[in-house]
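Structure first, commentary second.
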Amino acid sequence: MNKKKKRKKSKSSCLLSPASICFFISQIHPFAFLLLTYSSSATYRSTSASALMATEGPPATQNRTNSKRGYNMIHPVDLETQRPPPMPHPVSYVELKHSKKWFPWLIPAFVVANIVLFLITMYVNDCPKNSVRCVAKSFGRFSFQPFKENPLLGPSSTTLQRMGALDVNKVVHKKQGWRLISCIWLHAGVFHIVANMLSLLVIGIRLEQEFGFVLIGLLYVIAGLGGSLLSALFIQSNISVGASGALFGLLGSMLSELITNWSIYANKFAAFLTLIVIIAINLAVGILPHVDNFAHIGGFISGFLLGFVFLIRPQYGWVRQRYARSSSAASVKSKYRAYQIILWVVSLVLLIIGFAAGLILLFRGFNANDHCSWCHYLSCFPTSSWSCKNEPSYCMTTQTGNQLNITCSSNGKSSIYMLPSPTTSQIQGLCSELCN
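Here it is, written out as structure tokens:
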């Protein structure tokens with residue numbers, strides 16, 4: 001008996017395009033290693049005791065005068081005949097030390113958690129049970145979906161949906177808001193997770209050493225939520241997974257931290273330009289098809305604003321004054337500069353308004369593309385080399401005994417598989433592979 005099996009084109013469907021994965025990949029790109037350049041170019045200033053000049057009057061053993069030729073002449077003076085004037089304001093000379101360095105354990109823990117969840121996802125996927133053309137079949141349950149279905153060596157889109165991928169249909173209509181957070185811990189394949197975890201180690205460890213696990217942990221999760229939220233408002237017909245929204249949040253926080261703590265850095269211009277180049281390159285790569293650039297943009301904006309709130313440091317003059325205390329009537333410097341306080345307040349207000357408005361609009365079924373006709377180009381820009389359209393797969397299936405005959409309606413290709421009782425997910429996977 002013939003029946004027409006079509007891949008459902010809905011907000012929860014996974015749309016396929018030739019020779020690529022069927023879902024948007026929210027991923028960081030291999031340019032993150034350039035952050036090593038930033039880390040080495042931006043250094044904190046510190047002042048030693050010798051730099052804190054508080055003595056008034058000439059030294060006890062020397063008298064400095066100016067000669068007619070303009071040279072400084074030094075004449076020895078007897079200690080008995082001339083003593084230095086007493087210091088009316090004694091100062092304690094204390095060496096200014098670098099800020100406290102934290103031991104980075106949270107970022108490595110995040111990496112381990114992501115790897116463990118990927119292994120669990122592959123176990124649940126169980127490719128041999130649902131497909132006849134698995135990659136690396138010797139891995140058993142941990143073998144990968146066919147390359148045509150997932151070229152990143154990973155699970156099927158159906159498995160990712162089960163594990164918590166960002167699916168706007170399920171978030172809005174089934175009230176599964178937890179997917180906005182769970183999706184940042186899932187990855188589409190081996191290549192995807194390796195790239196993201198290496199980037200997380202490079203970016204995250206440096207930040208955790210400087211600011212501690214609490215601030216960086218909160219920043220990572222909130223920025224990831226911001227990336228998921230913007231992605232859900234613009235991309236509603238595909239699923240999305242990956243940690244790069246959170247990674248772009250860390251990248252954005254590095255930029256805002258450099259801006260708000262400008263006075264305590266040396267080589268600040270080189271560090272600033274390095275960060276700008278890294279951010280521009282990564283966002284530019286995001287216009288390729290099947291990369292969720294809205295998650296990148298949302299994560300970056302969230303992290304940029306969070307950096308002004310979480311990563312603010314006391315200004316250099318206040319720190320120096322604190323360790324060189326004197327009873328003189330010198331002007332007392334405030335802990336933070338006026339612009340730091342202004343940035344802190346403005347960023348906090350924008351974060352609260354942005355997240356509140358985004359969540360309200362999302363759960364009301366708002367589609368941002370209806371109000372911005374060009375915004376979709378930010379995530380995929382069509383060229384002669386690729387298309388940004390995701391066409392659904394339609395197949396005709398015929399079951400004769402243990403034989404399953406599948407014919408793709410879009411390209412006319414057909415194939416016979418030995419499957420006695422194929423499941424719906426198996427048929428969908430084979431249809432996707434055949435049509436692409």
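Going by UniProt numbering, 44 is the number at position 44 of the sequence shown; the sequence numbering is gapless.
Glycine included, each C-beta is placed from N, C-alpha and C at the ideal position.
Can you tell me whether residue i is buried or exposed, with buried defined as 16 or more other CB within 10 angstroms of its CB?
i: proline 420; result: exposed
i: lysine 137; result: exposed
i: methionine 254; result: buried
i: valine 116; result: exposed
i: alanine 109; result: exposed
i: residue 445; result: Residue numbering for the chain in the displayed model covers 1 to 436; residue 445 lies beyond these limits and cannot be assessed.
i: glutamine 403; result: exposed
i: arginine 206; result: buried
i: isoleucine 416; result: exposed
i: isoleucine 353; result: exposed
i: phenylalanine 139; result: exposed
i: lysine 413; result: exposed
i: alanine 284; result: exposed
i: methionine 122; result: buried
i: leucine 200; result: buried
i: tyrosine 316; result: buried
i: glycine 429; result: buried
i: isoleucine 342; result: exposed
i: glycine 226; result: buried
i: valine 170; result: It is lysine, not valine, that sits at residue 170 in the sequence shown. By the neighbour-count rule (16 or more Cβ atoms within 10 Å), lysine 170 is buried.
i: threonine 400; result: exposed
i: valine 112; result: exposed
Roughly how many angstroms separate the alpha carbons of residue i and residue j, rounded to a whole number?
i: serine 228; j: valine 241; result: 9 Å
i: glycine 154; j: histidine 290; result: 15 Å
i: isoleucine 222; j: phenylalanine 355; result: 10 Å
i: cysteine 372; j: asparagine 293; result: 16 Å
i: isoleucine 25; j: glutamine 321; result: Confidence is the limiting factor: at isoleucine 25 the pLDDT is only 46, short of 50, which leaves the residue's position unreliable and the question unanswerable from this model.
i: leucine 215; j: asparagine 114; result: 20 Å
i: proline 314; j: tyrosine 336; result: 5 Å
i: leucine 186; j: asparagine 125; result: 13 Å
i: arginine 162; j: threonine 260; result: 42 Å
i: isoleucine 264; j: leucine 258; result: 9 Å
i: leucine 166; j: serine 157; result: 11 Å
i: isoleucine 120; j: cysteine 183; result: 14 Å
i: asparagine 267; j: leucine 275; result: 13 Å
i: glycine 204; j: phenylalanine 118; result: 20 Å
i: tyrosine 127; j: proline 146; result: The sequence as given places cysteine at residue 127; tyrosine does not occur at that position. Distance between the alpha carbons of cysteine 127 and proline 146: 9 Å.
i: lysine 174; j: glycine 164; result: 13 Å
i: isoleucine 279; j: phenylalanine 142; result: 35 Å
i: valine 346; j: glycine 298; result: 18 Å
i: asparagine 405; j: leucine 273; result: 58 Å
i: aspartate 370; j: threonine 398; result: 40 Å
i: valine 309; j: asparagine 150; result: 40 Å
i: isoleucine 181; j: histidine 376; result: 23 Å
i: histidine 296; j: asparagine 282; result: 9 Å
Would you grab the beta carbon distance between residue i and residue j for me? Rounded to a whole angstrom, and I think it's under 8 Å.
i: phenylalanine 300; j: glycine 365; result: Not confirmed; about 26 Å, so no contact.
i: leucine 359; j: valine 172; result: Leucine 359 to valine 172, Cβ: 11 Å. No contact.
i: asparagine 130; j: threonine 423; result: 7 Å
i: asparagine 196; j: serine 244; result: 6 Å
i: tyrosine 220; j: glycine 249; result: 7 Å
i: lysine 333; j: tryptophan 344; result: Not a contact, Cβ separation roughly 18 Å.
i: glycine 224; j: alanine 246; result: 3 Å
i: glutamine 236; j: tryptophan 102; result: Not a contact, Cβ separation roughly 40 Å.
i: residue 437; j: leucine 230; result: With the chain running from 1 to 436 in the structure shown, residue 437 is simply not present.
i: glycine 286; j: serine 379; result: 7 Å
i: leucine 305; j: leucine 351; result: 5 Å
i: valine 135; j: phenylalanine 144; result: 4 Å
Does DSSP put residue i in a helix, a strand or coil?
i: serine 143; result: coil
i: serine 240; result: strand
i: cysteine 134; result: coil
i: serine 231; result: helix
i: isoleucine 184; result: helix
i: cysteine 431; result: helix
i: residue 440; result: Missing from the structure shown is residue 440; the chain here goes from 1 to 436 and no further.
i: threonine 159; result: helix
i: asparagine 405; result: strand
i: glutamine 209; result: helix
i: threonine 61; result: Bear in mind that the predicted position of threonine 61 carries a pLDDT of just 44, short of 50, making it unreliable; the figure below should be weighed with that in mind. Looking at threonine 61 - three-state DSSP - the assignment turns out to be coil, as it is neither helix nor strand.
i: alanine 165; result: coil
i: cysteine 127; result: helix
i: cysteine 395; result: strand
i: threonine 383; result: coil
i: serine 256; result: helix
i: threonine 400; result: strand
i: threonine 81; result: Note that threonine 81 has pLDDT 47, beneath the 50 cutoff, so the model's placement of it is unreliable and the number below is only indicative. Coil at threonine 81, not helix or strand.
i: serine 199; result: helix
Please indicate yes or no: does the CB of residue i lie closer than 6 Å to some heavy atom of the ligand ATP?
i: cysteine 372; result: The ligand ATP is not part of the structure shown, which contains no ligands of any sort.
Completely contained alpha helix (DSSP H) runs for the stretch 288-348, where each covers 4 or more residues: 293-310, 316-323
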